[in-house]
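J.: full-length UniProt numbering puts the sequence shown at residues 1 to 300.
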Amino acid sequence: MIPYESPFHPDNDAGYRAWRDAKLAAYPSRAEDLVVEVRDPHALTGAEYRAVLDRVRRTNMVVYATGLGDAEDKAAVRALSAQFGLAHLDANWLADEDGISSLTPRDEGGEKRGDYIPYTHHRIRWHTDGYYNPESRRILAMTLHCVREAADGGENELFDQDLAYIHLRDSNPDFIRALMAADAMTIPARVDEVDGERPEEKGPVFLVDPVSGGLHLRYTARTRSIAWKDDPTTLAAVKAIEDLLAGQPFGWFRLKLQPGMGLLCNNVLHTRDGFSDSPERRRLLYRARYHERIRDLRAG
């Protein structure tokens, strides 16, 4: 249940307008505006910490740039994330033993991971991470850290879920009501390597995190992975999302992470271009997915 005082409640028009105006007034226009230089990811300075939070508060994301280069340093990724309250990793079965996934191509050697698109050279369409997870394992934040970039391709597109909400609500408030319905999307029955056999699950697309009050979005452009509610308003809302993301709307960013750079975000919408690399220098990114949102641990 969304509290009425939340700006995301479909009937709280005054609260929504005030939040919307503040959000849009402070929004950056270039991907470069997301970048914060970080000297030591294990211990951010006060200025670095405030700069990271500033980007996240405005856009739900930040791109940090360290001097780690191509060092395979997962400890630094965990340490940076932990400074913003991210502690509970989603240890899916494809992740490494420490719960962090090493995203590198596995589709040429017959490995099981190569059956899953993050471990291939293929493009990944618009999605939020873990849209298929059950309610008990929502992915509210993530860190994506580059160790080695692709020789060609591999860029990411990024889009704040708050802006998607604004676009839909301004277009038709009934779109929001439809996408907040408990049966808006259905994840088909499947075998989950963490939870075993899972029955078909229905759930909302937009929901509000009860801890932070922040907006969470579950979405994928892959039509085989989910089924949308067969309702005219829901289907029109989904089409509106598709049309929005097919262009380059306000707040759309595109970038290619370089070694030592990373994306820290409240699970924003993102893509990945297809790419090419070589067996001698495989693209490698670390992905850490968390069950809490980014927060300020230095407040007060």
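Glycine included, each C-beta is placed from N, C-alpha and C at the ideal position.
Using CA coordinates, which residue listed in G203, A65, A76 is at the minimum distance from H216?
T.: Comparing Cα positions, the closest option is G203.
J.: Which residue or residues does DSSP assign as beta-bridge partners of W228?
T.: Partner(s): M185.
J.: Of the choices T186, V208, G15, whose alpha-carbon is the least far from that of R198?
T.: Measuring from the Cα of R198, the nearest candidate turns out to be T186.
J.: What is the DSSP secondary structure of T233, counted as helix, strand or coil?
T.: Helix at T233.
J.: Could you pull the start and end residues of the beta strand (DSSP E) that V147 belongs to?
T.: Where V147 is concerned, the enclosing beta strand (DSSP E) stretches over 141-148.
J.: Which value, in whole angstroms, describes the spacing of the CA atoms of A14 and L144?
T.: Cα to Cα, the separation comes out at about 36 Å.
J.: Assuming A288 is part of the beta strand (DSSP E), what are its boundary residues?
T.: A288 -> beta strand (DSSP E) spans 284-290.
J.: Nearest to D170 by alpha carbon, out of R137, A189, A240?
T.: Of the listed residues, the one whose Cα sits closest to D170 is A240.
J.: I'd like to confirm the pairing. Which residues does DSSP put opposite residue 309 in its beta bridges?
T.: Since the first residue of the chain shown is 1 and the last is 300, residue 309 is not available in this structure.
J.: Give me the Cα-Cα distance between F159 and G214, rounded to the nearest whole angstrom.
T.: Distance between the alpha carbons of F159 and G214: 16 Å.
J.: Mind listing, in chain order, the continuous beta strand (DSSP E) runs of no fewer than 3 residues lying wholly within the region 22-78?
T.: Complete beta strand (DSSP E) runs here, min 3: 35-37, 61-65.
J.: Give the secondary structure of E157 by DSSP, where H, G and I count as helix, E and B as strand, and everything else as coil.
T.: Strand, per DSSP.
J.: Quick check: the Cα distance between L24 and M142, rounded to an integer number of angstroms?
T.: C-alpha separation (whole angstroms): 24 Å.
J.: Leaving aside the five residues before and after E155 along the sequence, list all residues of the same chain whose C-beta is less than 7 Å from its C-beta, in chain order.
T.: Result list for E155: R254, L255, K256, D273, in chain order.
J.: Going by beta-carbon coordinates alone, are M261 and V63 separated by less than 8 Å?
T.: Yes, the Cβ-Cβ distance between M261 and V63 is below 8 Å.
J.: Comparing the C-beta of L68 with each C-beta of chain B, is any distance below 8 Å?
T.: In summary, chain B is missing from the structure at hand, where a single protein chain is found.
J.: Short check: CB of Q161 to CB of V38, under 8 Å?
T.: Against a cut-off of 8 Å, the Cβ pair of V38 and Q161 comes out as no contact.
J.: Which class does P198 belong to by DSSP, given the choice of helix, strand or coil?
T.: It is worth fixing the name first, because residue 198 is Arg in this sequence and not Pro. DSSP places R198 in strand when its eight states are reduced to three.
J.: Our contact map puts D152 next to F275 with C-beta atoms below 8 Å; I'd like the distance itself, whole angstroms only.
T.: That belief holds up - the Cβ atoms of D152 and F275 are roughly 6 Å apart, short of 8 Å.
J.: Out of curiosity, what's the CA-to-CA distance linking R125 and R222?
T.: Roughly 7 Å separates the two Cα atoms.
J.: Given this structure, state the Cα-to-Cα distance separating H281 from P28, to the nearest angstrom.
T.: The sequence given here has Arg at residue 281, not His. Whole-angstrom Cα-Cα distance: 34 Å.
J.: Where does E48 land, buried or exposed, given buried means 16+ other C-beta within 10 angstroms?
T.: Flag for E48 reads buried.
J.: Would you kindly report the start and end of the unbroken beta strand (DSSP E) that includes F253?
T.: 253-255 is the span of the beta strand (DSSP E), which, as asked, contains F253.
J.: Which residue from N92, H9, D183 puts its Cα closest to that of D230?
T.: Comparing Cα-Cα distances from D230 to each of N92, H9, D183, the minimum goes to D183.
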